[in-house]
Amino acid sequence: MDIYEEILRLKKEGRPSALATIVQCIGSSPQKEGAKMLIRDDGSILGSLGGGCIEAEIIQASRKAMKDGSPVTMPFELTEKHGGLVCGGKVLVYIEPVIPDPHVVILGAGHVGKALSKVAVFSGFRVTVVDDRQEYANRDNIPDTSDIVVTEFDNVFSKVAADRDTYLVIATRGHNHDLDALKAALKTEARYIGMLGSKRKRALLFKTLRDEGFLQTDIDRVITPVGVPIGSVTPEEIAISIMAQIIKYRREHASQSFSNPPCSRFIEEDGAAQATPPSRQ
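Sequential numbering from 244 applies to the sequence shown in our numbering.
Structure below.
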């Protein structure tokens, strides 16, 4: 199996991975510069960087890199500690997380949902549109979306995955459907939950949630009215305002730990790491 084909397959499924590459070797090592190993989100691998404890450490660091969304470089001196690899050499491994496109789930395939799916796809998001009506949730009505799911709103997240990099927008056709979608959304880890609606609808739904045992901390996760205040009126304008808010929210909450950029450290002859490559005579 080709590593790059597997990366594309995982990304299409919405699964993160990490590509570990040996970027520098000094002395003897079981693999050479350019050797690659793919680490999946479940810890399984494709390819090899030499086996032993070095791979165990790389897998552990790769899973953290997937979570943080940040690349990392790791220097190794190959000793008996690394599974009996007494090569005496030194290697530098660069780990690059491959994060799938952020995921927008639109609950409701009406005019706003249709417009929002188009804007979200254009903005580089993976998009799933959900509705309980087959006549709305279909490719003829919504050709641009990544996925379409026909299901009841209270059952949606048994069919659609929603993790911390998922952005949920509730835009159903009525209060009861909004309530079902909202209760389902609050049981996920989704980073963003936005809901279309008036102040009156918000007050009514929030009261119902409290009466049913939801905590105020749960309710505070809901962003409503949704979208940035640009005076939007048409479905397209509303969609633009919502995506602007989602993009702003995502950038504000993105990991800032990019202090270890690619190939920023090199191994000196004594095994230490330095900020710039050793000079070549």
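All C-beta atoms in this analysis are idealised placements derived from N, C-alpha and C, irrespective of residue type, glycine included.
Being a predicted model, the structure only gives us computed values, none of them experimental.
Item                                                                                                : Value
Option nearest LYS275 by Cα separation, candidates SER360, ALA263, THR451 and ILE385                : ALA263
Top-ranked residue by Cα proximity to THR409, from PRO343, LYS333, GLN267 and ILE265                : PRO343
Identity of the residue in LYS255, LEU292, ALA261 and SER366 nearest CYS268 by Cα                   : LEU292
Three-pair Cβ contact test at 8 Å for the stretch 471 to 482 versus the stretch 444 to 452          : no
Residue environment, ARG369, which counts as buried when at least 16 other CB atoms sit within 10 Å : buried
Rounded straight-line distance, which links the Cα of VAL469 to that of SER484                      : 8 Å
Within 8 Å, strictly: CB atoms of SER313 and PRO273                                                 : no
Which of helix, strand or coil DSSP assigns to THR467                                               : coil
Beta-bridge partners of MET317, as assigned by DSSP                                                 : VAL336
Between the CA atoms of LYS307 and GLY351 - distance to the nearest angstrom                        : 35 Å
Beta carbon of LYS348 nearer than 8 Å to that of ALA405                                             : A quick correction: the sequence has Val, not Lys, at residue 348. Their beta carbons are under 8 Å apart, which means VAL348 touches ALA405 by this criterion.
Cβ-based burial, PHE501 [other Cβ within 10 Å; buried from 16]                                      : Residue confidence is low: PHE501 scores 38 on pLDDT, short of 50, so the model does not pin down where it sits. Its coordinate-derived value is still stated next. That one is exposed.
Rounded C-alpha distance that separates PRO520 from ILE265                                          : Because the pLDDT of PRO520 is 39, which lies under 50, any placement of that residue in the model is unreliable, and the question is left without a value.
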